[in-house]
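Beneath this line is the structure, given in structure tokens, with notes to follow.
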Amino acid sequence: MFVATLIAAGKLTDEVVREGIDRLAATGHDVGAPHWLDVGDAADIVFQGSLVSARKELAQMDHGALDVVVQPLGDRTKKLIVADMDSTMITVECIDELADYAGIKDEVAAITAKAMRGEIDFRGALIERVALLSGLSEGVLTECRYERVRLTRGARTLVQTMKAHGARSVLVTGGFTAFAGPVGEAIGFDKVVANSLLIEDGKLTGKVGEPIVDSGAKLETLKAEAAKHGLPLAETLAVGDGANDIPMITSAGLGIAYHPHAAAAEAADAVIRHHDLTALLWAQGYPRRNWVLG
Numbered sequence: 008m009f010v011a012t013l014i015a016a017g018k019l020t021d022e023v024v025r026e027g028i029d030r031l032a033a034t035g036h037d038v039g040a041p042h043w044l045d046v047g048d049a050a051d052i053v054f055q056g057s058l059v060s061a062r063k064e065l066a067q068m069d070h071g072a073l074d075v076v077v078q079p080l081g082d083r084t085k086k087l088i089v090a091d092m093d094s095t096m097i098t099v100e101c102i103d104e105l106a107d108y109a110g111i112k113d114e115v116a117a118i119t120a121k122a123m124r125g126e127i128d129f130r131g132a133l134i135e136r137v138a139l140l141s142g143l144s145e146g147v148l149t150e151c152r153y154e155r156v157r158l159t160r161g162a163r164t165l166v167q168t169m170k171a172h173g174a175r176s177v178l179v180t181g182g183f184t185a186f187a188g189p190v191g192e193a194i195g196f197d198k199v200v201a202n203s204l205l206i207e208d209g210k211l212t213g214k215v216g217e218p219i220v221d222s223g224a225k226l227e228t229l230k231a232e233a234a235k236h237g238l239p240l241a242e243t244l245a246v247g248d249g250a251n252d253i254p255m256i257t258s259a260g261l262g263i264a265y266h267p268h269a270a271a272a273e274a275a276d277a278v279i280r281h282h283d284l285t286a287l288l289w290a291q292g293y294p295r296r297n298w299v300l301g
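Numbering-wise, this note's numbering comes out as the position in the sequence shown, counting from 1, plus 7.
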């Protein structure tokens with residue numbers, strides 16, 4: 008059994024849900040009656056058939072603000088979330104904002120964009136970008152965090168709701184502990200895994216502490232946390248936006264690309280383009296009345 012969740016907050020109509028049902032039925036799926044998670048916002052369609060075929064067919068629905076998540080019905084409510092930070096749990100890329108204080112944002116942001124698109128190696132790109140920040144005052148880290156870093160809408164609600172229902176939460180990022188620690192605490196993550204910027208005499212040295220958190224480390228974090236808590240990967244959720252998130256996204260029970268670069272979108276089980284992070288709660292079957300508002 009599979010479930011297709013149609014999400015269009017404040018705009019989901021009976022007609023759109025009926026189109027989803029008709030599309031599935033027309034392509035050979037055995038479709039049940041729809042179930043509204045929240046009327047006008049999100050609805051489930053349970054069906055039997057082909058997961059791949061259903062995803063392909065429903066992806067053709069064109070209603071502007073519609074996001075669709077199609078997945079196995081079993082293990083739908085996840086017990087572990089592993090999430091990227093930059094441009095996922097927060098609205099910015101921290102290294103780009105730091106570079107702005109050094110007067111080199113455009114140069115660094117161009118490298119960041121290439122790395123997130125998968126055009127260049129993340130590890131090498133990180134080392135190159137951090138080297139450009141050599142000599143920047145340590146105090147700028149705090150200044151940048153207060154002035155530039157904002158939580159993505161729905162981040163706290165997503166994590167707090169999952170935790171209230173027994174899930175474990177991990178923030179894993181190629182970004183830096185100076186940002187990830189406070190961000191993880193503000194959202195309520197159980198654990199934070201991030202890179203460290205080396206500092207001497209109150210200034211950035213331009214080097215990153217080892218081991219570097221890259222795509223492989225993100226995947227290993229997912230696997231290790233699942234194993235530690237006795238969870239099959241089917242009961243895990245991974246969310247991110249860039250190419251370095253692909254290994255964990257493709258290995259999790261449900262891999263979500265959130266307002267992503269193309270490479271991540273192509274690899275993910277589902278893509279959220281139009282909604283905030285609370286869409287991941289509807290995807291897991293949580294109606295709004297069961298959310299823990301952050």
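Think of the CB as a built atom: it goes at the ideal place given N, C-alpha and C, for glycine as much as any other residue.
For alanine 272, the enclosing alpha helix (DSSP H) starts and ends at 269-274. DSSP places phenylalanine 54 in the uninterrupted beta strand (DSSP E) bounded by 49-55. When C-beta atoms of the segment 276-293 are compared with those of the segment 160-180, three or more pairs fall below 8 Å, so the two segments count as touching.
According to the DSSP assignment, serine 176 belongs to no alpha helix (DSSP H) but to the beta strand (DSSP E) extending over 175-183. For leucine 204, the beta-bridge partners assigned by DSSP are Val215. Of the candidates Ala271, Ala138 and Ile88, the residue whose Cα lies closest to the Cα of leucine 205 is Ala138. Considered as a whole, the segment 55-87 harbours 74-79 as its complete beta strand (DSSP E) runs of no fewer than 3 residues, in chain order. For tryptophan 289, the enclosing alpha helix (DSSP H) covers residues 286-290. Assignment of beta strand (DSSP E) within the segment 138-168, counting only whole runs of 3 or more residues, yields no such run. Per the Cβ contact rule, the segment 120-133 is in contact with the segment 259-272 (3 or more Cβ pairs under 8 Å). Between the alpha carbons of arginine 160 and leucine 58 lies a gap of roughly 30 Å. Counting along the chain, the unbroken beta strand (DSSP E) around aspartate 37 starts and ends at 37-45.
C-alpha of phenylalanine 9 to C-alpha of valine 53: approximately 6 Å in a straight line. In this structure, DSSP gives threonine 12 an extended state, which the three-state scheme calls strand. In the DSSP assignment, valine 23 falls outside any beta strand (DSSP E) and lies within the alpha helix (DSSP H) extending over 21-33.
Judged by DSSP in its simplified three-state form, glycine 249 adopts coil rather than helix or strand.
Using a 10 angstroms sphere on the CB of asparagine 202, the tally of other CB atoms reaches 16 or more, which defines it as buried. Burial state of glutamine 67 is exposed, judged by a 10 Å Cβ sphere holding fewer than 16 other Cβ atoms.
For alanine 286 and isoleucine 14, the gap between their C-alpha atoms comes out near 7 Å. In summary, histidine 236 is exposed, with fewer than 16 beta-carbon neighbours lying within 10 Å of its beta-carbon over all protein chains present. Contact between the segment 210-230 and the segment 247-260 is present: 3 or more CB-CB pairs across the two stretches fall below 8 Å.
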